[in-house]
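Colleague:
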Amino acid sequence: MTADNRATEETTTRRVALGAGLIGLAAVAGCSTYGKSDSGGTGGGNGGQPAGTVFAKTSDIPLDGGKVFADQKIVVTQPAQGEFKAFSAICTHQGCTVDAVKDGTIDCPCHGSKFKIADASVAAGPATKPLPPAQITVSGDEIKLA
Numbered sequence: 026m027t028a029d030n031r032a033t034e035e036t037t038t039r040r041v042a043l044g045a046g047l048i049g050l051a052a053v054a055g056c057s058t059y060g061k062s063d064s065g066g067t068g069g070g071n072g073g074q075p076a077g078t079v080f081a082k083t084s085d086i087p088l089d090g091g092k093v094f095a096d097q098k099i100v101v102t103q104p105a106q107g108e109f110k111a112f113s114a115i116c117t118h119q120g121c122t123v124d125a126v127k128d129g130t131i132d133c134p135c136h137g138s139k140f141k142i143a144d145a146s147v148a149a150g151p152a153t154k155p156l157p158p159a160q161i162t163v164s165g166d167e168i169k170l171a
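Going by our numbering, the sequence shown opens with residue 26, and the numbers climb by one from there.
In structure tokens form, the structure reads like this:
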């Protein structure tokens with residue numbers, strides 16, 4: 026084997042090893058931001074948007090129901106007339122985003138966990154912890170990130 030061939034082979038081997046290392050690093054980084062398993066979730070979240078950002082109108086939130094705002098990672102409920110509550114939209118079981126509010130519960134599509142709209146306590150598992158509260162402010166008919 027010539028010196029040129031050895032140099033090319035060593036360079037190729039280094040590139041393959043470096044590429045594999047970067048792929049592994051990207052996979053670890055991606056998993057670390059997804060969610061926490063049964064540890065209380067990732068907090069209230071706001072999707073990285075600044076406080077004071079209007080993201081909904083009070084008329085968007087049905088009485089005895091709610092709405093999921095996936096971009097903000099928040100679910101807002103109205104358990105009583107004019108009472109608005111917000112919780113993290115990240116399920117405390119395995120970090121999936123809840124996707125529906127119906128029949129008095131906030132529902133996770135991944136494993137069937139359900140949370141009560143009034144306080145986000147667990148209505149049905151496998152989740153064992155409630156959704157953490159999220160901070161919002163209601164001013165007139167606007168709902169803003171706190």
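Every residue, glycine too, gets a C-beta built ideally from N, C-alpha and C.
Note that the structure is predicted; figures quoted are calculated from it, not measured.
Would you call the CB atoms of Thr102 and Lys154 closer than 8 Å?
Modeller: Cβ atoms of Thr102 and Lys154: not closer than 8 Å.
Colleague: Counting only the same chain and skipping the five closest in sequence on each side, list residues whose C-beta sits under 7 Å from that of Leu88.
Modeller: If we look at Leu88 and ignore the five residues flanking it on each side, its Cβ neighbours are Gln103 and Gln106.
Colleague: How many angstroms separate the CA atom of Lys110 from the CA atom of Pro151?
Modeller: Straight-line Cα distance between these residues: approximately 23 Å.
Colleague: Indicate the three-state DSSP secondary structure (helix, strand or coil) for Thr130 in the structure shown.
Modeller: Looking at Thr130 - three-state DSSP - the assignment turns out to be strand.
Colleague: Pick out whichever of Ala149, Thr83 and Ile168 has its Cα sitting closest to the Cα of Ile131.
Modeller: That would be Ala149, whose Cα lies nearest to the Cα of Ile131.
Colleague: Between which residues of its own chain and Val79 is the CB-CB distance below 6 Å, once the five residues before and five after are set aside?
Modeller: Same-chain partners within the cutoff: Glu167 and Lys169.
Colleague: Exposed or buried, Gly77, counting other C-beta atoms within 10 Å across all chains shown (16 or more means buried)?
Modeller: Classification of Gly77: exposed, given that the 10 Å Cβ count is below 16.
Colleague: Nearest-angstrom Cα distance between Phe112 and Asp96?
Modeller: Those two C-alpha atoms are separated by around 14 Å.
Colleague: Just to confirm my understanding: we take Ala125, look at its own chain, exclude 5 residues before and 5 after, and list those with CB closer than 6 Å. What are they?
Modeller: So the list reads Asp132, once near-sequence residues are dropped.
Colleague: Helix, strand or coil: how does DSSP classify Ser113 here?
Modeller: Of the three classes helix, strand and coil, the one that applies to Ser113 here is strand, per DSSP.
Colleague: Can you give me the Cβ contacts of Gly91 inside the same chain, cut-off strictly under 7 Å, excluding the 5 residues immediately before and after it?
Modeller: Excluding sequence neighbours, Gly91 sits near Val100, Val101, Thr102, Gln103, Val126, Ile131 and Ile142.
Colleague: In its own chain, which residues sit with a C-beta less than 8 Å from the C-beta of Lys82, not counting the 5 before and 5 after it?
Modeller: Counting only Cβ-Cβ distances below 8 Å, and skipping sequence neighbours, we find Asp166, Glu167 and Ile168.
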